[in-house]
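Asker: Before I ask anything, here is the structure I am working with.
Encoded structure:
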(Lines of atoms letter the chains of each structure in order from A and count residues from 1; the text may use other names and numbers.)
(Lines give C-alpha, C1' and ligand atoms only; values in the text may rest on other atoms or scores of the structure.)
Protein backbone atom coordinates (compact mmCIF):
# COMPACT_ATOMS: atom_id res chain seq x y z
CA UNK A 1 0.00 0.00 0.00
CA UNK A 2 1.58 3.22 -1.14
CA UNK A 3 -0.87 5.56 0.62
CA UNK A 4 0.07 4.49 4.16
CA UNK A 5 -3.48 3.48 5.02
CA UNK A 6 -4.75 0.29 6.56
CA UNK A 7 -7.36 -1.49 4.43
CA UNK A 8 -10.49 -2.92 5.93
CA UNK A 9 -13.29 -5.09 4.62
CA UNK A 10 -16.55 -3.95 3.16
CA UNK A 11 -18.52 -1.58 5.41
CA UNK A 12 -15.46 -1.09 7.58
CA UNK A 13 -13.20 1.90 7.87
CA UNK A 14 -9.66 3.16 7.89
CA UNK A 15 -8.71 3.56 11.52
CA UNK A 16 -6.25 6.26 12.58
CA UNK A 17 -3.49 5.99 15.14
CA UNK A 18 -4.95 6.20 18.62
CA UNK A 19 -4.61 9.72 19.99
CA UNK A 20 -5.36 8.64 23.53
CA UNK A 21 -8.53 8.89 25.60
CA UNK A 22 -9.78 12.44 26.13
CA UNK A 23 -6.51 13.81 24.78
CA UNK A 24 -4.34 11.87 27.24
CA UNK A 25 -1.29 9.80 26.47
CA UNK A 26 -1.76 6.93 24.07
CA UNK A 27 -1.63 3.51 25.74
CA UNK A 28 0.65 1.07 23.99
CA UNK A 29 -0.47 -2.36 22.82
CA UNK A 30 2.20 -4.64 24.25
CA UNK A 31 0.77 -8.02 23.50
CA UNK A 32 -1.89 -8.07 20.81
CA UNK A 33 -1.15 -8.48 17.10
CA UNK A 34 -0.89 -5.18 15.24
CA UNK A 35 -1.38 -6.20 11.63
CA UNK A 36 1.42 -5.16 9.29
CA UNK A 37 2.84 -2.65 11.74
CA UNK A 38 2.21 0.38 9.55
CA UNK A 39 1.40 3.64 11.28
CA UNK A 40 -2.11 4.54 10.11
CA UNK A 41 -2.93 7.90 8.60
CA UNK A 42 -5.12 10.45 10.34
CA UNK A 43 -7.58 10.09 7.48
CA UNK A 44 -10.66 8.06 8.22
CA UNK A 45 -12.42 6.92 5.04
CA UNK A 46 -14.37 3.98 3.73
CA UNK A 47 -12.36 1.41 1.79
CA UNK A 48 -13.39 -0.94 -1.00
CA UNK A 49 -12.69 -4.59 -0.31
CA UNK A 50 -14.16 -8.06 -0.55
CA UNK A 51 -17.84 -8.78 0.07
CA UNK A 52 -18.92 -10.28 3.38
CA UNK A 53 -22.20 -11.83 4.46
CA UNK A 54 -24.56 -9.32 6.08
CA UNK A 55 -27.39 -10.80 8.15
CA UNK A 56 -30.64 -9.27 9.37
CA UNK A 57 -32.18 -10.37 12.66
CA UNK A 58 -35.91 -9.64 12.78
CA UNK A 59 -37.67 -9.20 16.09
CA UNK A 60 -34.41 -7.94 17.57
CA UNK A 61 -34.15 -5.84 20.73
CA UNK A 62 -34.45 -2.17 19.85
CA UNK A 63 -30.99 -1.40 21.22
CA UNK A 64 -28.96 -3.64 18.95
CA UNK A 65 -31.21 -2.72 16.03
CA UNK A 66 -30.60 0.97 16.72
CA UNK A 67 -26.83 0.77 16.40
CA UNK A 68 -27.10 -0.75 12.91
CA UNK A 69 -28.76 2.33 11.39
CA UNK A 70 -27.85 6.00 11.26
CA UNK A 71 -31.35 7.53 10.80
CA UNK A 72 -33.91 7.49 13.57
CA UNK A 73 -35.70 4.12 13.72
CA UNK A 74 -38.88 3.52 11.78
CA UNK A 75 -41.70 1.11 12.57
CA UNK A 76 -39.73 -1.48 10.60
CA UNK A 77 -36.10 -0.82 11.44
CA UNK A 78 -36.54 -0.47 15.20
CA UNK A 79 -36.64 -4.29 15.49
CA UNK A 80 -34.23 -5.30 12.71
CA UNK A 81 -30.57 -5.74 13.56
CA UNK A 82 -28.24 -5.73 10.55
CA UNK A 83 -24.80 -7.21 11.16
CA UNK A 84 -21.79 -8.95 9.68
CA UNK A 85 -22.12 -12.69 10.29
CA UNK A 86 -18.60 -12.84 11.80
CA UNK A 87 -19.75 -10.59 14.68
CA UNK A 88 -17.24 -11.19 17.47
CA UNK A 89 -15.42 -14.28 16.18
CA UNK A 90 -12.12 -14.80 17.97
CA UNK A 91 -12.71 -12.05 20.55
CA UNK A 92 -13.08 -12.41 24.33
CA UNK A 93 -15.37 -10.23 26.46
CA UNK A 94 -14.66 -10.33 30.19
CA UNK A 95 -17.72 -9.23 32.20
CA UNK A 96 -16.75 -7.81 35.59
CA UNK A 97 -20.00 -7.79 37.52
CA UNK A 98 -22.35 -10.09 39.47
CA UNK A 99 -21.35 -13.21 37.54
CA UNK A 100 -22.86 -14.76 34.42
CA UNK A 101 -25.44 -17.52 34.07
CA UNK A 102 -23.16 -19.38 31.67
CA UNK A 103 -25.67 -22.19 31.07
CA UNK A 104 -28.15 -19.78 29.49
CA UNK A 105 -28.90 -21.06 26.00
CA UNK A 106 -28.42 -17.59 24.58
CA UNK A 107 -24.67 -18.01 24.96
CA UNK A 108 -24.55 -21.23 22.98
CA UNK A 109 -21.68 -22.64 25.02
CA UNK A 110 -19.54 -19.54 24.45
CA UNK A 111 -19.68 -18.37 28.09
CA UNK A 112 -17.49 -19.73 30.86
CA UNK A 113 -16.49 -18.98 34.42
CA UNK A 114 -13.32 -17.00 34.87
CA UNK A 115 -12.56 -15.91 38.43
CA UNK A 116 -14.60 -15.05 41.50
CA UNK A 117 -13.03 -12.52 43.88
CA UNK A 118 -16.06 -12.17 46.18
CA UNK A 119 -15.42 -15.20 48.36
CA UNK A 120 -18.94 -16.47 47.63
CA UNK A 121 -20.46 -18.73 45.02
CA UNK A 122 -20.02 -18.39 41.28
CA UNK A 123 -23.72 -18.13 40.46
CA UNK A 124 -25.17 -14.84 39.34
CA UNK A 125 -27.90 -14.39 41.94
CA UNK A 126 -28.83 -10.87 40.80
CA UNK A 127 -28.95 -11.22 37.03
CA UNK A 128 -27.19 -7.97 36.19
CA UNK A 129 -23.99 -9.56 34.89
CA UNK A 130 -25.94 -12.09 32.83
CA UNK A 131 -28.01 -9.27 31.35
CA UNK A 132 -24.88 -7.35 30.34
CA UNK A 133 -23.28 -10.45 28.83
CA UNK A 134 -26.45 -11.14 26.84
CA UNK A 135 -26.44 -7.65 25.34
CA UNK A 136 -22.78 -7.82 24.50
CA UNK A 137 -22.67 -11.32 23.04
CA UNK A 138 -25.94 -13.25 23.29
CA UNK A 139 -27.26 -15.05 20.21
CA UNK A 140 -30.69 -13.37 20.50
CA UNK A 141 -30.06 -10.18 22.43
CA UNK A 142 -26.44 -9.48 21.62
CA UNK A 143 -24.30 -7.34 19.34
CA UNK A 144 -21.34 -9.71 18.93
CA UNK A 145 -23.08 -13.05 18.53
CA UNK A 146 -19.90 -15.10 18.15
CA UNK A 147 -17.74 -13.58 20.89
CA UNK A 148 -16.67 -15.57 23.93
CA UNK A 149 -17.80 -14.42 27.39
CA UNK A 150 -15.73 -14.86 30.53
CA UNK A 151 -17.41 -14.21 33.88
CA UNK A 152 -15.35 -12.22 36.37
CA UNK A 153 -17.44 -12.03 39.52
CA UNK A 154 -16.59 -8.95 41.56
CA UNK A 155 -19.83 -8.47 43.53
CA UNK A 156 -22.94 -10.27 44.73
CA UNK A 157 -25.25 -7.28 44.86
CA UNK A 158 -24.24 -4.67 42.24
CA UNK A 159 -22.47 -2.56 44.90
CA UNK A 160 -19.02 -3.63 43.86
CA UNK A 161 -16.09 -2.91 46.14
CA UNK A 162 -13.50 -0.96 44.11
CA UNK A 163 -10.80 -3.28 45.42
CA UNK A 164 -12.70 -6.27 44.02
CA UNK A 165 -13.04 -4.58 40.63
CA UNK A 166 -9.33 -3.77 40.60
CA UNK A 167 -8.48 -7.37 41.52
CA UNK A 168 -10.78 -8.74 38.85
CA UNK A 169 -9.33 -6.36 36.28
CA UNK A 170 -5.76 -7.36 37.15
CA UNK A 171 -6.71 -11.00 36.63
CA UNK A 172 -8.43 -10.13 33.37
CA UNK A 173 -5.37 -8.29 32.07
CA UNK A 174 -3.14 -11.25 32.88
CA UNK A 175 -5.52 -13.73 31.25
CA UNK A 176 -5.86 -11.62 28.13
CA UNK A 177 -2.10 -11.34 27.81
CA UNK A 178 -1.77 -15.09 28.21
CA UNK A 179 -4.41 -15.86 25.58
CA UNK A 180 -3.06 -13.46 22.95
CA UNK A 181 -6.65 -12.90 21.79
CA UNK A 182 -8.25 -9.49 21.33
CA UNK A 183 -9.89 -8.88 24.69
CA UNK A 184 -12.42 -6.45 26.13
CA UNK A 185 -13.18 -5.80 29.79
CA UNK A 186 -16.75 -4.70 30.52
CA UNK A 187 -17.07 -3.22 34.00
CA UNK A 188 -20.70 -3.19 35.06
CA UNK A 189 -20.72 -0.62 37.85
CA UNK A 190 -19.92 3.03 38.51
CA UNK A 191 -19.31 4.63 41.89
CA UNK A 192 -17.72 7.57 43.69
CA UNK A 193 -14.23 8.51 42.58
CA UNK A 194 -11.50 6.04 43.53
CA UNK A 195 -8.05 6.87 42.23
CA UNK A 196 -6.64 3.40 42.88
CA UNK A 197 -9.33 1.82 40.71
CA UNK A 198 -8.81 4.44 38.02
CA UNK A 199 -5.10 3.68 37.93
CA UNK A 200 -5.81 -0.05 37.61
CA UNK A 201 -8.01 0.76 34.60
CA UNK A 202 -5.29 2.96 33.13
CA UNK A 203 -2.69 0.22 33.61
CA UNK A 204 -4.94 -2.35 31.92
CA UNK A 205 -5.40 0.01 28.97
CA UNK A 206 -1.65 0.58 28.72
CA UNK A 207 -1.22 -3.19 28.46
CA UNK A 208 -3.66 -3.45 25.55
CA UNK A 209 -6.97 -4.27 27.21
CA UNK A 210 -9.98 -2.33 25.92
CA UNK A 211 -11.86 -1.31 29.07
CA UNK A 212 -15.51 -0.30 28.60
CA UNK A 213 -17.32 1.32 31.53
CA UNK A 214 -20.71 2.93 32.26
CA UNK A 215 -20.89 6.69 32.71
CA UNK A 216 -23.13 6.39 35.77
CA UNK A 217 -26.82 7.03 36.35
CA UNK A 218 -26.97 10.25 38.40
CA UNK A 219 -27.33 12.91 35.67
CA UNK A 220 -23.97 14.38 36.69
CA UNK A 221 -20.45 14.77 35.34
CA UNK A 222 -19.02 11.31 34.62
CA UNK A 223 -15.49 12.51 35.36
CA UNK A 224 -16.40 12.68 39.05
CA UNK A 225 -16.99 8.91 39.21
CA UNK A 226 -14.93 5.74 38.92
CA UNK A 227 -14.04 4.07 36.71
CA UNK A 228 -15.74 6.48 34.28
CA UNK A 229 -13.26 9.20 35.20
CA UNK A 230 -10.21 7.08 34.36
CA UNK A 231 -8.32 8.32 31.31
CA UNK A 232 -7.86 4.76 30.04
CA UNK A 233 -11.55 3.88 30.22
CA UNK A 234 -13.97 4.04 27.31
CA UNK A 235 -16.95 5.68 28.96
CA UNK A 236 -20.49 5.16 27.67
CA UNK A 237 -23.62 7.23 28.23
CA UNK A 238 -27.16 5.96 27.70
CA UNK A 239 -29.77 6.91 25.10
CA UNK A 240 -33.43 5.92 24.77
CA UNK A 241 -35.62 4.78 21.88
CA UNK A 242 -36.50 8.41 21.05
CA UNK A 243 -32.83 9.21 20.47
CA UNK A 244 -32.61 11.29 23.61
CA UNK A 245 -29.96 11.11 26.28
CA UNK A 246 -31.56 9.11 29.05
CA UNK A 247 -32.48 11.71 31.67
CA UNK A 248 -30.47 9.93 34.36
CA UNK A 249 -27.35 9.28 32.27
CA UNK A 250 -24.19 11.00 33.42
CA UNK A 251 -22.65 13.34 30.88
CA UNK A 252 -19.74 15.74 30.41
CA UNK A 253 -16.39 15.78 28.59
CA UNK A 254 -15.52 12.29 29.82
CA UNK A 255 -18.20 10.62 27.69
CA UNK A 256 -16.76 8.81 24.67
CA UNK A 257 -20.01 7.68 23.04
CA UNK A 258 -23.69 7.01 23.73
CA UNK A 259 -25.51 3.73 23.18
CA UNK A 260 -29.00 2.41 23.95
CA UNK A 261 -29.51 1.90 27.67
CA UNK A 262 -33.22 2.32 28.40
CA UNK A 263 -35.65 -0.64 28.59
CA UNK A 264 -33.15 -3.14 27.22
CA UNK A 265 -34.26 -6.81 27.06
CA UNK A 266 -31.57 -9.42 27.53
CA UNK A 267 -30.69 -12.77 29.04
CA UNK A 268 -31.39 -13.27 32.74
CA UNK A 269 -31.15 -15.78 35.55
CA UNK A 270 -33.79 -18.35 36.50
CA UNK A 271 -33.79 -20.65 33.51
CA UNK A 272 -32.06 -21.53 30.23
CA UNK A 273 -34.12 -19.03 28.22
CA UNK A 274 -35.09 -16.45 30.83
CA UNK A 275 -35.06 -12.78 29.83
CA UNK A 276 -35.61 -9.50 31.62
CA UNK A 277 -35.67 -5.77 30.85
CA UNK A 278 -33.19 -3.44 32.54
CA UNK A 279 -32.04 0.16 32.14
CA UNK A 280 -28.78 1.91 32.89
CA UNK A 281 -25.52 3.15 31.50
CA UNK A 282 -24.20 -0.36 32.22
CA UNK A 283 -26.64 -1.64 29.59
CA UNK A 284 -25.32 1.02 27.21
CA UNK A 285 -21.74 -0.03 27.96
CA UNK A 286 -22.66 -3.64 27.16
CA UNK A 287 -23.68 -2.57 23.65
CA UNK A 288 -20.27 -0.96 23.21
CA UNK A 289 -18.36 -3.96 24.54
CA UNK A 290 -20.21 -6.00 21.93
CA UNK A 291 -19.57 -3.39 19.24
CA UNK A 292 -15.85 -3.41 20.01
CA UNK A 293 -15.78 -7.21 19.66
CA UNK A 294 -17.81 -6.90 16.45
CA UNK A 295 -15.39 -4.42 14.88
CA UNK A 296 -12.30 -6.32 16.02
CA UNK A 297 -13.60 -9.45 14.31
CA UNK A 298 -14.65 -7.77 11.06
CA UNK A 299 -11.95 -5.17 10.49
CA UNK A 300 -8.50 -6.05 9.19
CA UNK A 301 -5.67 -4.55 11.21
CA UNK A 302 -7.83 -3.18 14.01
CA UNK A 303 -6.48 -3.67 17.54
CA UNK A 304 -7.74 -3.08 21.04
CA UNK A 305 -5.86 0.22 21.13
CA UNK A 306 -7.32 1.55 17.88
CA UNK A 307 -10.86 0.25 18.25
CA UNK A 308 -11.80 3.21 20.45
CA UNK A 309 -11.16 5.60 17.58
CA UNK A 310 -13.06 3.32 15.21
CA UNK A 311 -16.11 3.46 17.47
CA UNK A 312 -16.09 7.21 17.95
CA UNK A 313 -15.40 8.03 14.31
CA UNK A 314 -18.05 5.64 13.03
CA UNK A 315 -20.62 7.07 15.45
CA UNK A 316 -23.52 9.16 14.21
CA UNK A 317 -22.95 12.77 15.20
CA UNK A 318 -25.27 15.41 16.62
CA UNK A 319 -28.42 13.29 16.41
CA UNK A 320 -29.27 12.84 20.08
CA UNK A 321 -31.25 15.44 21.98
CA UNK A 322 -30.91 16.52 25.61
CA UNK A 323 -27.12 16.24 25.45
CA UNK A 324 -25.62 19.11 27.45
CA UNK A 325 -22.46 20.95 26.45
CA UNK A 326 -19.60 19.95 26.49
CA UNK A 327 -20.67 16.31 26.09
CA UNK A 328 -19.81 14.66 22.77
CA UNK A 329 -23.04 13.97 20.88
CA UNK A 330 -22.11 10.60 19.38
CA UNK A 331 -24.44 7.60 18.95
CA UNK A 332 -22.82 4.22 18.33
CA UNK A 333 -23.09 2.69 14.84
CA UNK A 334 -21.82 -0.66 13.53
CA UNK A 335 -21.47 0.45 9.87
CA UNK A 336 -23.54 -2.48 8.59
CA UNK A 337 -25.98 -0.32 6.61
CA UNK A 338 -25.29 2.52 4.15
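Numbering (my numbering), first residue to last: 139 to 476. No residue lacks a Cβ here, since even glycine has one placed at the ideal position from N, Cα and C. These figures come from a predicted structure and were not determined experimentally.
Could you tell me which of 380, 378, 346 sits nearest to residue 371, measuring between CA atoms?
Answerer: The residue labelled residue 371 in the question sits at position 233 within the chain shown. Considering only alpha carbons, the answer is 346.
Asker: Which partner residues does residue 219 have in the DSSP bridge list?
Answerer: Translated into the one-based positions of the chain shown, residue 219 becomes position 81. Beta-bridge pairing links residue 219 to 195.
Asker: Exposed or buried, which one is residue 213 when buried takes at least 16 other CB atoms within 10 Å?
Answerer: For the purposes of this step, residue 213 is taken as residue 75 along the chain shown, with counting starting at 1. Label assigned to residue 213: exposed.
Asker: Which of helix, strand or coil does DSSP assign to residue 339?
Answerer: Counted from its first residue, the chain shown places residue 339 at position 201. Helix.
Asker: Locate the beta strand (DSSP E) running through residue 393, then write down its first and last residues.
Answerer: To locate residue 393, count along the chain shown from 1; it is residue 255. Taken as a continuous stretch (DSSP letters only), residue 393 belongs to no beta strand (DSSP E), as it is neither H nor E.
Asker: Where does residue 415 fall in DSSP's three states?
Answerer: In the chain shown, the residue the question calls residue 415 occupies position 277. Three-state DSSP puts residue 415 in a strand.
Asker: Counting Cβ pairs closer than 8 Å, one from the segment 203-221 and one from the segment 468-475, do we hit at least three?
Answerer: Yes, the segment 203-221 touches the segment 468-475.
Asker: Identify which residue in 455, 461, 425 has its Cα closest to the Cα of residue 231.
Answerer: Taking the first residue of the chain shown as 1, we reach residue 231 at position 93. That would be 425, whose Cα lies nearest to the Cα of residue 231.
Asker: Comparing alpha-carbon positions, which option in 195, 449, 332, 265 lies nearest residue 466?
Answerer: Residue numbering aside, residue 466 sits at position 328 when the chain shown is read from its first letter. Comparing Cα-Cα distances from residue 466 to each of 195, 449, 332, 265, the minimum goes to 449.
Asker: If you count every other CB in all the chains shown that lies within 10 Å of the CB of residue 333, and 16 or more means buried, which is it?
Answerer: To locate residue 333, count along the chain shown from 1; it is residue 195. Residue 333 is exposed by the Cβ-count criterion.
Asker: Express the C-alpha separation of residue 354 and residue 283 in angstroms, rounding to a whole number.
Answerer: Taking the chain shown and counting its residues from 1, the one referred to as residue 283 is at position 145. Taking the chain shown and counting its residues from 1, the one referred to as residue 354 is at position 216. Using only the alpha carbons, I get a separation of about 26 Å.
Asker: Mapping DSSP to helix, strand and coil, what is residue 317?
Answerer: Here residue 317 is taken as the residue at index 179 of the chain shown, counted from 1. It is helical.
Asker: If we call anything under 8 Å between Cβ atoms a contact, is residue 398 one with residue 413?
Answerer: As a first step, residue 398 is located in the chain shown; it is residue number 260 there, counting from the start. As a first step, residue 413 is located in the chain shown; it is residue number 275 there, counting from the start. No, Cβ-Cβ distance for residue 398 and residue 413 is not below 8 Å.
Asker: Please report how far the alpha carbon of residue 369 lies from the alpha carbon of residue 352, in whole angstroms.
Answerer: Along the chain shown, one-based indexing puts residue 369 at 231. Along the chain shown, one-based indexing puts residue 352 at 214. Cα to Cα, the separation comes out at about 14 Å.
Asker: Could you tell me which residues DSSP puts in a beta bridge with residue 382?
Answerer: Here residue 382 is taken as the residue at index 244 of the chain shown, counted from 1. DSSP, once it has assigned bridges, lists 459 as partnering residue 382.
Asker: Looking at the unbroken beta strand (DSSP E) that takes in residue 233, where does it start and where does it end?
Answerer: The residue you call residue 233 lines up with position 95 of the chain shown. Here the beta strand (DSSP E) through residue 233 covers 230-235.
Asker: Shortest alpha-carbon distance to residue 293 belongs to which of 416, 246, 458, 263?
Answerer: Taking the chain shown and counting its residues from 1, the one referred to as residue 293 is at position 155. When each option's Cα is compared against that of residue 293, the closest is 263.
Asker: Return the CA-CA distance between residue 419 and residue 455, expressed in angstroms with no decimal places.
Answerer: Residue numbering aside, residue 419 sits at position 281 when the chain shown is read from its first letter. Residue numbering aside, residue 455 sits at position 317 when the chain shown is read from its first letter. Approximately 19 Å between the Cα atoms of the pair.
Asker: Residue 300 by DSSP, collapsed to three states: which one?
Answerer: Sequence index remark: in the chain shown, residue 300 carries index 162 (1-based). In the structure shown, residue 300 sits in a helix (DSSP, three-state: H, G or I).
Asker: Under 8 Å Cβ to Cβ from residue 417, same chain only, skipping five residues before and after it: list those, please.
Answerer: Within the chain shown, numbered from 1, the residue matching residue 417 stands at position 279. The residues are 376, 384, 399, 400, 401, 402.
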